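Accompanying notes for the structure given below.
Protein chains: 2
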Amino acid sequence: MSLPPETTVGEIGERGLLRHLEARIPLGPGVVVGVGDDAAVVELGPLVLVTTDALVENVHFRREWAPPRLLGRKALSVNISDVAAMTGLPRHAVVSLCLPPAVTLGFVDGLYDGLLERAAETGVNLVGGNIARCDAGIVIDVTLLGQATRVARRAGARPGDLAAVTGTLGAAAEGLKLLGQGARLDGDGNLASTGVWTESAASAVAACVRAHLDPRPPLGLAHAIAQRDLIHAAIDVSDGLSGDLAAVCRASGVDVVVDSTAVPVDPHVVQLTRARGGDALTLALHGGEDYQLLVAIPPDRLGDLRELAAVWDLPIAVVGQFEEGPGQVMLKSADEVAPLAAASHDHFRRLLAGGEE
Amino acid sequence: MSLPPETTVGEIGERGLLRHLEARIPLGPGVVVGVGDDAAVVELGPLVLVTTDALVENVHFRREWAPPRLLGRKALSVNISDVAAMTGLPRHAVVSLCLPPAVTLGFVDGLYDGLLERAAETGVNLVGGNIARCDAGIVIDVTLLGQATRVARRAGARPGDLAAVTGTLGAAAEGLKLLGQGARLDGDGNLASTGVWTESAASAVAACVRAHLDPRPPLGLAHAIAQRDLIHAAIDVSDGLSGDLAAVCRASGVDVVVDSTAVPVDPHVVQLTRARGGDALTLALHGGEDYQLLVAIPPDRLGDLRELAAVWDLPIAVVGQFEEGPGQVMLKSADEVAPLAAASHDHFRRLLAGGEE
């Protein structure tokens, strides 16, 4: 079926769109029945990981900010991050789309370009899904199945364990601000506009916007960690380091003291906030959507973790240490130790807030 | 946490609502890690069924028509129907909710009353989910995992096989009309209003509205069928008999001839359409949302199927026979055989249409 990309979803209809998409989706390894039947049948187990996460228009994304291909990549990546945080391997995904009838086939195909591309990169099969009409806006809801022989939970951090973070923090939150200020990527992920910034800041702007629109959870490292039994607990940094540390402390029944000077603030965020006078550390502590891995690791395994992470070119920052306590997160600055409140966003209380400081 | 039911989702916040719901959800058999971590971990396999289906406000339901408890039941049941149509056993579900901030805790709790109740009835564990803000309306998106040793697909019907349907057809479509005419159920599923009908029609009205709001797919029968290897193909009657027969014919590469006198029109629909002068057969052929099972079965296995179905008090109607052909559905009436076009609804082309004839 070769329909022009400006054909709308309303014109092609639910079944027409399903058939169009089914023709695009390959049958991968371990898939017994793929898209097109009542349910998919996959080979998996005996331990199966299940996670679900949705991107909602005007809550998690704006259509004018995110090329559809990057939206498709991110819809899968945010779920991959949850499987990585259990140190599992993602395997099979179903995609439930809610679409207004005026959405074009070009948009849906762009979305699937991204979904399929990201699926191929991470060894995931798209095995089914659902399409429903939703007049108010687009919802991209992905449920991802994974496998694991050993899982890392949020519970399990012990007093004396180090709190270690992969990669850098704050770039995605900075990227959201930049999108609100007019910065844009094209469908290939290249910078199309720097927004309010001059060309000299272009590479920092691009890096931050890319971190927001196309996050890359450290999947390979997470799975390698599981195979070596290096850690006691793990979570992905999605709500912000402060909120996710609090979740580990609550689940594990321990406190943590964070060293403010050890937080791996993304260097591009440092560059941009220095130029405009903002606070890079706040973004790194509370910004969220970093999709890095936060682990509780015994001090004597840190060397092994660093060695593994080097294979993926990922820095490991020790941001603090867990200790006995009722579940509090404390921040140690130059001359004081004070409780660090989780200031991560709650979408029910705040709308998508690009551009505000 | 004992919050008043009129507390809104906006007031309690995403994390507050998550914690409230987590406390309500039990850890069932085969669940290693339930709600509250990055991903759920379940025991399942080696063959895993996956299906996803969403209920979207003002497309699939109206809040004033459906008590939240019944909405929760239906959100799970429509997915159970897909697993039953593969002759599998449903096991674990994740629930992804999109909620406007003004939705009350009482509504969400009612929804979970229904989800948990239906889950307990069908041996399903709720193992996780997601809550996202969505200002335009409620979306209840359920992904259900099941298990099977042998699956029945849409493909597989052979020339000579009988097309057989469980239960009766047309009641859910009639129920949708009745809701549009003011008929209502209360939260317990009892008739609260007959709408335009007199009390003498009350039991027929209640049966049809209940069929629409609280469908019961023949799960036990479906699984028993799988254990005896009785059938060649199966699908659930969700889009309407005409459309679902067409899907089996297309997937199997066969035609089917339907005998119009053999279609198991629901007796309550017959009663109500006789009183007002409508066409009960059209509702049974095209109405949809029956969530019964349509199977392709060799004639010599029909007796076994009827015997099995009797255990669940389910009638089995042979509506036609498959024959060689390019994939067409034909309808045989008194004096002619004519192509039967699939006239089932497409939500992208028509809004939820209660009350119209």
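Just so you know, the sequences run in chain order E and U. Our numbering applies: residue 873 is where the first sequence begins, and numbers increase by one. Our numbering applies: residue 873 is where the second sequence begins, and numbers increase by one. Where is the CB? At the ideal position from N, CA and C, for every residue including glycine. Model, not experiment: these values are computed from the prediction.
| task | Name the two residues that bound the continuous beta strand (DSSP E) containing A1182 of chain U. | result | As a working mapping, residue 1182 of chain U is identified with position 310 in the second sequence. That residue, A1182 of chain U, is in no beta strand (DSSP E); its alpha helix (DSSP H) goes L1174 to V1183.
| request: Return the first residue and the last residue of the beta strand (DSSP E) that P881 of chain U is part of. | output: Start at 1 with the first residue of the second sequence, and residue 881 of chain U comes out as number 9. Looking at the sequence provided, one finds Val at residue 881 of chain U rather than Pro. Note, V881 of chain U: premise wrong, no beta strand (DSSP E); alpha helix (DSSP H) at V881 to I884.
| task | Note down, in chain order, each residue of its chain lying with its Cβ closer than 8 Å to the Cβ of Y1163 of chain U, except the 5 sequence neighbours on either side. | result | The residue you call residue 1163 of chain U lines up with position 291 of the second sequence. Closer than 8 Å at Cβ, skipping near neighbours: S949, V950, S953, A1044, P1087, R1088, P1089, D1108, V1109 and S1110.
| field | Cα-Cα separation between A912 of chain E and V903 of chain E, rounded to whole angstroms | value | In the first sequence, counting from the first residue as 1, residue 912 of chain E sits at position 40. In the first sequence, counting from the first residue as 1, residue 903 of chain E sits at position 31. Straight-line Cα distance between these residues: approximately 8 Å.
| Simplified DSSP state of E970 of chain E, which is helix, strand or coil | In the first sequence, residue 970 of chain E corresponds to position 98, counting from 1. Note that residue 970 of chain E corresponds to Cys in the displayed sequence, not to Glu. In the structure shown, C970 of chain E sits in a strand (DSSP, three-state: E or B).
| message | Across the stretch 1142-1154 of chain E and the stretch 1068-1078 of chain E, are there enough close Cβ pairs to call them in contact, namely three or more that are closer than 8 Å? | response | yes
| said: Can you check which of these residues, U:E929, U:G885 and U:V999, is closest to E894 of chain U by C-alpha distance? | reply: As a first step, residue 894 of chain U is located in the second sequence; it is residue number 22 there, counting from the start. The shortest C-alpha separation from E894 of chain U is found at U:V999.
| Alpha carbon of G1032 of chain E to alpha carbon of P1170 of chain E, nearest angstrom | Translated into positions along the first sequence, residue 1032 of chain E becomes position 160. Translated into positions along the first sequence, residue 1170 of chain E becomes position 298. Whole-angstrom Cα-Cα distance: 7 Å.
| Ordered list of beta strand (DSSP E) runs contained in the stretch 1097-1142 of chain U, each at least 3 residues | 1105-1109 and 1126-1131
| Under 9 Å from the C-beta of M1202 of chain E: neighbouring residues of chain U | Taking the first sequence and counting its residues from 1, the one referred to as residue 1202 of chain E is at position 330. Correct list: empty, because the minimum Cβ distance to chain U is about 20 Å.
| request: Report the three-state DSSP secondary structure of L1212 of chain U (helix, strand or coil). | output: To locate residue 1212 of chain U, count along the second sequence from 1; it is residue 340. DSSP places L1212 of chain U in coil when its eight states are reduced to three.
| query | L1186 of chain U and I1097 of chain U: beta carbons closer than 9 Å? | reply | As a position in the second sequence, residue 1186 of chain U is number 314, starting the count at 1. As a position in the second sequence, residue 1097 of chain U is number 225, starting the count at 1. No, these two residues do not count as a Cβ contact at 9 Å.
| At which residue ranges does the stretch 998-1048 of chain E contain complete beta strand (DSSP E) runs of 3 or more residues, listed in the order of the chain? | 1011-1019 and 1034-1038
| Which of helix, strand or coil does DSSP assign to A1312 of chain E? | Chain E is shown only over 873 to 1229; residue 1312 of chain E falls outside these bounds and no answer can be derived.
| query | Does DSSP put S1065 of chain E in a helix, a strand or coil? | reply | Translated into positions along the first sequence, residue 1065 of chain E becomes position 193. Three-state DSSP puts S1065 of chain E in a strand.
| R1056 of chain E by DSSP, collapsed to three states: which one? | As a position in the first sequence, residue 1056 of chain E is number 184, starting the count at 1. Note: R1056 of chain E maps to strand in three-state DSSP.
| query | Which same chain residues, not among the five before or five after G900 of chain E, have their C-beta less than 7 Å away from its C-beta? | reply | In the first sequence, the residue the question calls residue 900 of chain E occupies position 28. Around G900 of chain E: N997.
| message | Let me confirm a value: S1205 of chain E is counted as buried when at least 16 other C-beta atoms fall within 10 Å, else exposed. Which label applies? | response | Against the first sequence, residue 1205 of chain E aligns to sequence position 333. By the 10 Å Cβ count, S1205 of chain E comes out exposed.
| query | Which chain E residues are close to G1125 of chain U, counting only those with a beta carbon under 7 Å from its beta carbon? | reply | In the second sequence, the residue the question calls residue 1125 of chain U occupies position 253. Correct list: empty, because the minimum Cβ distance to chain E is about 14 Å.
| Mind pulling the chain E residues with CB within less than 8 Å of G1000 of chain U? | Numbered from 1 along the second sequence, position 128 holds the residue referred to as residue 1000 of chain U. Going along chain E in sequence order, the residues near G1000 of chain U (Cβ under 8 Å) are V922, T923 and T924.
| Under 7 Å from the C-beta of C970 of chain U: neighbouring residues of chain E | As a first step, residue 970 of chain U must be located in the second sequence, where it is residue number 98. By Cβ distance, chain E contributes A926, V928 and V1011.
| query | Should R896 of chain U go down as buried or exposed, given a rule of 16 or more other Cβ atoms within 10 Å for buried? | reply | Start at 1 with the first residue of the second sequence, and residue 896 of chain U comes out as number 24. That one is exposed.
| task | Compute the beta-carbon to beta-carbon distance between G1061 of chain U and L942 of chain U, rounded to the nearest angstrom, for a pair I have assumed lies under 8 Å. | result | As a working note, residue 1061 of chain U is residue 189 in the second sequence. As a working note, residue 942 of chain U is residue 70 in the second sequence. Confirmed, about 6 Å.
| query | Can a CB atom of chain E be found closer than 9 Å to the CB of D1176 of chain U? | reply | In the second sequence, counting from the first residue as 1, residue 1176 of chain U sits at position 304. Judged by the 9 Å Cβ criterion, D1176 of chain U is not in contact with chain E.
| message | Please tell me whether G1047 of chain U and L1016 of chain U are closer than 9 Å, where the distance is taken between their beta carbons. | response | Position 175 of the second sequence, counted from the first residue, corresponds to residue 1047 of chain U. Position 144 of the second sequence, counted from the first residue, corresponds to residue 1016 of chain U. No, they are not a contact pair.
| Supposed contact pair L1157 of chain U and V1183 of chain U - C-beta distance, whole angstroms, cut 8 Å | By 1-based counting over the second sequence, the position of residue 1183 of chain U is 311. By 1-based counting over the second sequence, the position of residue 1157 of chain U is 285. Contact flag wrong, Cβ pair sits at about 28 Å.
| message | Run through chain U and tell me which residues come within less than 7 Å of T1015 of chain E, C-beta to C-beta. | response | Here residue 1015 of chain E is taken as the residue at index 143 of the first sequence, counted from 1. In chain order: T924, V966 and T1015.
| Which chain U residues sit within Cβ distance under 8 Å of C1006 of chain E? | In the first sequence, the residue the question calls residue 1006 of chain E occupies position 134. The answer, in chain order, is V928, V931, A1008, G1009 and V1011.
| Who are the neighbours of I1107 of chain E on chain U, taking C-beta pairs under 9 Å? | Indexing the first sequence from 1 puts residue 1107 of chain E at position 235. Correct list: D909 and D910.
| query | Nearest to L1093 of chain U by CA position, among U:D925, U:L890, U:V931 and U:M958, is which residue? | reply | For the purposes of this step, residue 1093 of chain U is taken as the residue at position 221 of the second sequence. Checked all of U:D925, U:L890, U:V931 and U:M958; the closest Cα to L1093 of chain U is U:M958.
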